[in-house]
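A.B. asks: Right, I'll just put the structure down here and ask away after.
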Amino acid sequence: MVRRYGGWVVSLLLVIAGSAAAMPPLSESGGPQVVVDVTAMKEVLARDEAGRERVELREAAAMGPGDTLVYRIVYTNKGTSPARDATVTDPIPAGTVLLPGSWEAQGADFSVSVDGGKTWESYPVSRPVKQADGSMMQKEVNPSVYTHVRWTCREPLAPGATRSAVFKVKVR
79 MVRRYGGWVV SLLLVIAGSA AAMPPLSESG GPQVVVDVTA MKEVLARDEA GRERVELREA
139 AAMGPGDTLV YRIVYTNKGT SPARDATVTD PIPAGTVLLP GSWEAQGADF SVSVDGGKTW
199 ESYPVSRPVK QADGSMMQKE VNPSVYTHVR WTCREPLAPG ATRSAVFKVK VR
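For the numbering used here, count along the sequence shown from 1 and bump the result up by 78.
What follows is the structure in structure tokens.
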């Protein structure tokens, strides 16, 4: 499922345990039916009545370099059976960089991709780098290299259950 918000592309990949080809159509099986709502908001500094700065979330209509966008993904199983091995995958929008440590998810494990979503690794991703003396050293990849984020539910998403995930990016 692909949803567009403010010009950014957001996608959801729901994987159900077992072969999809072997499963009867949803209407026949009464299976899981995951509905996804994605919002993109912009962080804006504002002052309260006492003059203290605070961060507010506002519509992400106009964006520019240095702006922080907050993506919130809410997914609900409106079906009649659990969604097993549910996975939410989101591309990091072009022209943005994932903000380290900015993600949250209820009951899910977080992973990232640096190759367009082909492979997944725990954050932070590191690679061997050859040093001047010929030795190899593990170094974290630059945040600009990340292409996708993913949350994999630890437990099945029960009928009627709702979970959410959040991540932030900075506009280049």
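Even for Gly, the Cβ is constructed at its ideal location relative to N, Cα and C. In this text, all values refer to a predicted model and were calculated from it rather than measured experimentally.
Does DSSP put Val-249 in a helix, a strand or coil?
C.D. replies: Locating residue 249 in the sequence shown gives position 171, where the first residue counts as 1. Strand.
A.B. asks: Within the continuous beta strand (DSSP E) that includes Ile-151, where are the two ends?
C.D. replies: On the sequence shown, residue 151 is found 73 positions in, with the first residue counted as 1. Run containing Ile-151: 146-155, per the beta strand (DSSP E) assignment.
A.B. asks: Is the beta carbon of Pro-178 less than 9 angstroms from the beta carbon of Leu-147?
C.D. replies: Indexing the sequence shown from 1 puts residue 178 at position 100. Indexing the sequence shown from 1 puts residue 147 at position 69. Not in contact: Pro-178 and Leu-147 (Cβ atoms no closer than 9 angstroms).
A.B. asks: Which value, in whole angstroms, describes the spacing of the CA atoms of Cys-231 and Gly-185?
C.D. replies: Sequence index remark: in the sequence shown, residue 231 carries index 153 (1-based). Sequence index remark: in the sequence shown, residue 185 carries index 107 (1-based). C-alpha separation (whole angstroms): 6 angstroms.
A.B. asks: Compute the Euclidean distance between the alpha carbons of Ala-128 and Pro-143, then round it to the nearest angstrom.
C.D. replies: By 1-based counting over the sequence shown, the position of residue 128 is 50. By 1-based counting over the sequence shown, the position of residue 143 is 65. Spanning the two alpha carbons is a distance of roughly 29 angstroms.
A.B. asks: Would you kindly work out how many angstroms separate the C-alpha atoms of Met-79 and Arg-150, rounded to a whole number?
C.D. replies: Here residue 79 refers to the residue found at position 1 when the sequence shown is read from its first residue. Here residue 150 refers to the residue found at position 72 when the sequence shown is read from its first residue. A caution first: Met-79 carries a pLDDT of 33, below 50, which makes its placement in the model unreliable, though a value can still be read off. Each residue's alpha carbon lies about 16 angstroms from the other.
A.B. asks: Find out if the Cβ-Cβ distance for the pair Asp-163, Pro-234 is shorter than 9 angstroms.
C.D. replies: Numbered from its first residue, the sequence shown carries residue 163 at position 85. Numbered from its first residue, the sequence shown carries residue 234 at position 156. Going by C-beta atoms, Asp-163 is nearer than 9 angstroms to Pro-234.
A.B. asks: If you compare alpha carbons, which of Glu-182, Ala-210 and Val-192 is closest to Arg-241?
C.D. replies: One-based indexing of the sequence shown puts residue 241 at position 163. Nearest of Glu-182, Ala-210 and Val-192 to Arg-241, Cα basis: Glu-182.
A.B. asks: Would you say the segment 113-120 touches the segment 191-206, given that touching needs at least three Cβ pairs under 8 angstroms?
C.D. replies: At 8 angstroms Cβ cutoff, the stretches do not touch.
A.B. asks: For Ala-99, name the three-state secondary structure that DSSP assigns.
C.D. replies: In the sequence shown, residue 99 corresponds to position 21, counting from 1. Since pLDDT at Ala-99 reaches only 32, below the 50 mark, its modelled position is unreliable, and the value read off the structure follows with that caveat. Helix.
A.B. asks: Identify the continuous beta strand (DSSP E) that holds Met-215 and give its terminal residues.
C.D. replies: Here residue 215 refers to the residue found at position 137 when the sequence shown is read from its first residue. Met-215 -> beta strand (DSSP E) spans 214-218.
A.B. asks: What runs of the beta strand (DSSP E), each 3 residues or longer, lie entirely inside the segment 178-224?
C.D. replies: The qualifying runs are 186-191, 204-208 and 214-218.
A.B. asks: On a Cα-Cα basis, can you pick out the residue from Val-219, Ala-243 and Gln-216 that is closest to Val-227?
C.D. replies: Against the sequence shown, residue 227 aligns to sequence position 149. Checked all of Val-219, Ala-243 and Gln-216; the closest Cα to Val-227 is Ala-243.
A.B. asks: State yes or no: is the C-beta of Ser-159 within less than 9 angstroms of the C-beta of Pro-110?
C.D. replies: Locating residue 159 in the sequence shown gives position 81, where the first residue counts as 1. Locating residue 110 in the sequence shown gives position 32, where the first residue counts as 1. Yes; because the gap between Cβ atoms is below 9 angstroms, this pair is in contact.
A.B. asks: Check this for me: beta carbons of Leu-176 and Val-247, under 9 angstroms apart or not?
C.D. replies: By 1-based counting over the sequence shown, the position of residue 176 is 98. By 1-based counting over the sequence shown, the position of residue 247 is 169. Yes, these two residues count as a Cβ contact at 9 angstroms.
A.B. asks: On the CB-based measure, 16 or more other CB atoms within 10 Å of its CB, does Ser-204 come out buried or exposed?
C.D. replies: Within the sequence shown, numbered from 1, the residue matching residue 204 stands at position 126. Exposed, by the Cβ-count rule.
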